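Below: one structure, written as structure tokens.
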Amino acid sequence: MKALVQNRYGSADVMHLEDIEEPEVGADEVLVRVQAAGIDAGVWHLMAGRPYLLRLFGFGLRAPRLRVRGRDVAGTVAAVGAHVTRFRVGDEVFGTSLTGSFAEYTRVPADRLAPKPANLGFAQAAAVPVSACAALHALRDAGKLEAGQRVLVIGAGGGVGTFAVQLATALGATVTGVCSTGKVDLVRSLGAAQVIDYTRDDFADGRNTWDLILDIAGNPTLARLRRALTPTGTLVIVGGEGGGAVFGGIDRQLRALLLSAFVKQTLRGVVSAEGADDLETLGTLLEAGSIRPVIDRTFSLAEAADGIRYQHAGQARGKVVVTVP
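As structure tokens, this is what we get:
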């Protein structure tokens, strides 16, 4: 099968299309014929091997242990393992791969898959799992969101942010989105009651405070973020950029967790794992029209390296998706 692979860490230039062996499915796994695969921020980090701390977490010290990138996947079931009863060959599914989805086939644990929402195409479904689950876990689990609360979403026009705005609105919150000028209309169309263009206005100018703040892949200082919180509000840091080559954005999450023990505000990061239950919850919301995926651009498998570059540049409106013919 054809796959986009890398043999060393580096920029998107290390990625190349290659013929590799089709994966063998395990007893609790499903072999998926990939129709589309999403690109999230983690793709670049794992490709580059940065922050370096990631390499200590089993991804490979000098070179990536897993040569194929990509986690989001949508496609059709090509084979099932001996213990799998939830899916049959031909089923349309979406979920997350642990072995790389920028390929014609990928194997996926059955507990990381769900039936594809009937009203979504494969490209739309591939935009959902990683980013929508991250938004759901940040709001529901880490943020303990309650109806009626005021929520600030920083990075509202990106992959996670577009889902966060919609999910928070669906859960009964009043949402303010923070984004760049070119994404203001998009964020407003997703249900945000107010949109702050960060190139013109400062969310932490003291005029407003929020019960819950999601800072998505940002780099504001903890002091600035706390100024925008109510005295007993909650800050959830979802990913992060900057912070150096060793820790990257992880250092802010660690400092937030330590500081939270000494202040009345709750400061925390979020670790998101995409399970079948969450995917089915999102599937119900998608089929009801309560949320929708936002796709900026699609790239072919042969162009996937360009897609990674485009996503990492930070200007994408929503998600970037790789289609596999």
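Numbering (full-length UniProt numbering), first residue to last: 1 to 325.
Where is the CB? At the ideal position from N, CA and C, for every residue including glycine.
Treat the numbers as computed from the prediction; the structure is a model and nothing was measured.
Its chain contains 17 as the residues whose beta carbon lies nearer than 6 Å to that of residue 302, once the 5 sequence neighbours on both sides are disregarded; these appear in chain order.
Contact annotation, residue 80 with residue 30: C-beta distance approximately 5 Å; criterion of less than 8 Å satisfied. For residue 313, there is no enclosing beta strand (DSSP E), as DSSP gives it neither H nor E. Distance from the Cα of residue 15 is smallest, within the candidate group 34, 27, 75, 102, for 102. Here residue 137 is buried. Its C-beta has 16 or more other C-beta atoms within 10 Å. Secondary structure note for residue 187: its alpha helix (DSSP H) is the uninterrupted segment 184-189. Nearest to residue 229 by alpha-carbon distance, out of 252, 205, 19, is 205. Its chain contains 31, 32, 33, 89, 105 as the residues whose beta carbon lies nearer than 7 Å to that of residue 78, once the 5 sequence neighbours on both sides are disregarded; these appear in chain order.
Your pair residue 160 and residue 134 checks out as a contact, with CB atoms roughly 5 Å apart and the cut at 8 Å. Per DSSP, the continuous alpha helix (DSSP H) segment holding residue 259 begins and ends at 250-260. Taking all protein chains in view, the Cβ of residue 271 is surrounded by fewer than 16 other Cβ atoms within 10 Å, so the residue is classified as exposed.
Remark: three or more beta-carbon pairs, one from each stretch, lie closer than 8 Å, so the segment 140-152 and the segment 201-221 are flagged as touching. Exposure of residue 11 is indicated by the presence of fewer than 16 other C-beta atoms within 10 angstroms of its C-beta. By the CB criterion at 8 Å, residue 67 and residue 61 fall outside the cutoff. Excluding residues up to 5 positions away in sequence, 204 lie with their Cβ nearer than 8 Å to the Cβ of residue 224 in the same chain. Counting C-beta pairs closer than 8 Å gives fewer than three between the segment 258-265 and the segment 290-307, which falls short of the contact rule. Relative to residue 125, the option among 86, 193, 299, 95 whose CA is nearest is 95. Boundaries of the beta strand (DSSP E) around residue 16: 16-19.
Residue 210 is bridged by DSSP to 229. Runs of the beta strand (DSSP E) lying entirely within the segment 75-99 and spanning at least 3 residues, in chain order: 92-96. Only buried fits residue 278, as 16 or more other CB atoms lie within 10 angstroms of its CB.
Assignment of residue 160 by DSSP, reduced to helix, strand and coil, places it in the helix class. Going by beta carbons, residue 37 and residue 294 fall outside the 8 Å limit. In the three-state reduction of the DSSP assignment, residue 113 falls in the strand class, which pools E and B. Non-local beta-carbon contacts of residue 232 in its own chain, meaning distances under 6 Å to residues more than five positions away in sequence, involve 264 in chain order.
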